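So the protein sequences, as listed, match chains U and L.
So the first sequence is numbered by UniProt numbering: it starts at 1 and just counts up by one.
So the second sequence is numbered by UniProt numbering: it starts at 1 and just counts up by one.
C-beta atoms are modelled at their ideal positions from N, C-alpha and C, and glycine is treated no differently.
Nothing here was measured: the structure is a model prediction, and the numbers come from that model.
2 protein chains.
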Amino acid sequence: MADLPATDRRPGGRTARVRARVLDAVRAELARGGHDALTVEGVATRAGVHRATVYRRWRDVGGLIVDVIDAAGEIDWQPPDTGSLLGDLTELNRQIQQSLVERPSLALALMAASFHSEQAARAQTRLWADRYAQSEVLVARATGRGELPAGTDARALLIAATAPVYHELVLLRTGPDPAVPARAAQAAVLAAAAGAFAHPELPA
Amino acid sequence: MADLPATDRRPGGRTARVRARVLDAVRAELARGGHDALTVEGVATRAGVHRATVYRRWRDVGGLIVDVIDAAGEIDWQPPDTGSLLGDLTELNRQIQQSLVERPSLALALMAASFHSEQAARAQTRLWADRYAQSEVLVARATGRGELPAGTDARALLIAATAPVYHELVLLRTGPDPAVPARAAQAAVLAAAAGAFAHPELPA
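See the structure below:
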């Protein structure tokens, strides 16, 4: 990728450049004032783009947020590959914790936005479903290495490993605890090894 | 309690009755339109109370939400006591799931509100801290029955057991899955039995 000229990495030329400028502006405005302070006018001014362009393409604040979330889904994110399930889940949790404790946190601003807008909530749900699906490879690799019983429910294991990180920082709003990523990962690995996420029997 | 006349159960007489009517109205308005539609005028009208009374005592929408959250903390909630840690955590998770899937969900509306208002966020954090502290008795009882290693970090275990229920329903917005309360409880119990929540050594 590093060899390609910038124009090739942004197919669409001017349209894509306008999108990149507008989405950068949305992220900056969200970071500055949160969802409540986001306006099409503020975004257009910051992006140096005519308001009519923003209205025509994104329609309203909800449309802008959805596109920021969709753009996050277009990033070529790869799940960690450290050589062990515990290492992979700990690193995944560290990335999640980092995204939630940085100030300003775009991740937190998007979650807040998804509480107001059904459209933003759907985009966020899609992005999360994609990221958890991508991360299932961690579980497949661990099963291949013999670290996990065959038939482990990958999604249930990933949710158990990561949920405490979100719960502490998004809902309980406790301060960032550097022990949480590894502890939550460790608990999920021990539970999985004991068969906690074995796929349930099919209904009779 | 059932023997006491109603006036004794609501110390403060008229003031307490006005509070009860106003908080009932806040819950009904939140349920109807969510935080974005909540107004002091709407609450006063629904409660049949003069607006000036609401402004004087609660000041604004943020004050009303904080008082609804504080009132939830005054309820005489008791953590489950089923005779086993797995039973207790499963029942706790069922209660949490129920509060999040009922429509309208006051619990979800209060979480949404706490994303806008620092004051509401602090009240919510206090309520949650209280509920998790109250629930530590589950872990103490299980340790007494020999179900858990001594020195288990009760809070970490409770967070691991309950976080997946919140994560699925509040953030990932997956449909209610009747298997989640028991599965999340079971995973936490297996992890705890394997020593996942042993108190860390004191720093050297």
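Asked                                                                                                                                : Found
Contact list for L190/U against chain L, beta-carbon separation under 8 angstroms                                                    : L190, A191, A194, G195, A196
Contact list for the region 15–29 of chain L against chain U, Cβ threshold 8 angstroms                                               : none
Residues that residue 210/L bridges to, as DSSP identifies them                                                                      : No statement about residue 210/L is possible, as the shown extent of chain L runs from 1 to 204 and does not include it.
CB of R122/U within 9 angstroms of CB of V61/U, strictly                                                                             : no
Q78/L, buried or exposed, once every other Cβ within 10 Å from all chains shown has been counted against 16                          : exposed
Reference D36/L, options A154/U, H116/U, G83/U, closest by Cα                                                                        : H116/U
Boundaries of the alpha helix (DSSP H) in which P181/U is found, first to last residue                                               : 180–193
Span of the alpha helix (DSSP H), counted from its first residue to its last, around I96/U                                           : 85–101
Below-9 angstroms beta-carbon distance, W128/U vs any chain L residue                                                                : yes
Whether P149/U touches A193/U by CB criterion (9 angstroms)                                                                          : yes
Coil, strand or helix - D70/L by DSSP                                                                                                : helix
Residue closest to L92/U, alpha-carbon to alpha-carbon, out of R183/U, A25/U, G195/U                                                 : R183/U
Residue-level contact to chain L via CB, V170/U, 9 angstroms cutoff                                                                  : yes
Chain-ordered chain L contacts of I69/U [CB-CB under 8 angstroms]                                                                    : Going along chain L, no residue has its Cβ under 8 angstroms from I69/U, so there is no contact; the nearest lies around 13 angstroms.
Proximal chain L residues relative to R183/U, where beta-carbon distance stays under 8 angstroms                                     : A156, A196, F197
Unbroken alpha helix (DSSP H) run spanning D60/U, endpoints                                                                          : Neither: D60/U is in no alpha helix (DSSP H) and is coded neither H nor E.
Entirely enclosed alpha helix (DSSP H) segments - the region 101–163 of chain U, minimum 4 residues                                  : 106–114, 118–144
Cutoff 9 angstroms: A120/L Cβ touching any chain U Cβ                                                                                : no
Own chain residues within Cβ distance below 8 angstroms of W58/L, not counting five before or after                                  : V22, V40, L64, D67
Supposed close pair T90/L, A185/L - CB separation, criterion 8 angstroms                                                             : 4 angstroms
C-beta atoms of V170/L and L171/U nearer than 9 angstroms                                                                            : yes
Q124/U: CB within 8 angstroms of a non-hydrogen atom of the ligand NAD                                                               : In the structure shown, the ligand NAD is absent, as is every other ligand, since no ligand is present at all.
Span separating the alpha-carbon of D24/L from that of P178/L                                                                        : 30 angstroms
Endpoints, alpha helix (DSSP H) assigned at V170/U                                                                                   : It is not in any alpha helix (DSSP H) - V170/U carries neither H nor E in the DSSP assignment.
6 angstroms Cβ shell around A198/L - same chain, five flanking residues per side excluded                                            : G151
Beta-carbon contacts of P176/U that lie in its chain and below 7 angstroms, excluding the five residues immediately before and after : Q97, V101, L169
Helix, strand or coil at T39/L according to DSSP, with G and I counted as helix                                                      : coil
For D76/L, three-class secondary structure by DSSP                                                                                   : coil
8 angstroms Cβ cut-off: residues of chain L touching D88/U                                                                           : Residues of chain L passing the Cβ test: none, with the nearest at roughly 17 angstroms.
Cβ of Q186/U within 9 angstroms of any chain L Cβ                                                                                    : yes
Spatial distance of residue 208/U from G83/L (CA atoms)                                                                              : A question about residue 208/U goes unanswered here, because the residues of chain U that appear run from 1 up to 204.
Residues of its chain near L138/L, where Cβ-Cβ distance is below 6 angstroms and the 5 sequence neighbours each way are ignored      : P79, D88
Chain L within 9 angstroms of T174/U, Cβ atoms only                                                                                  : yes
C-beta neighbour in chain U for V104/L, strict 9 angstroms                                                                           : The sequence shown places Pro at residue 104/L, not Val. By this cut-off, P104/L is not an interface position.
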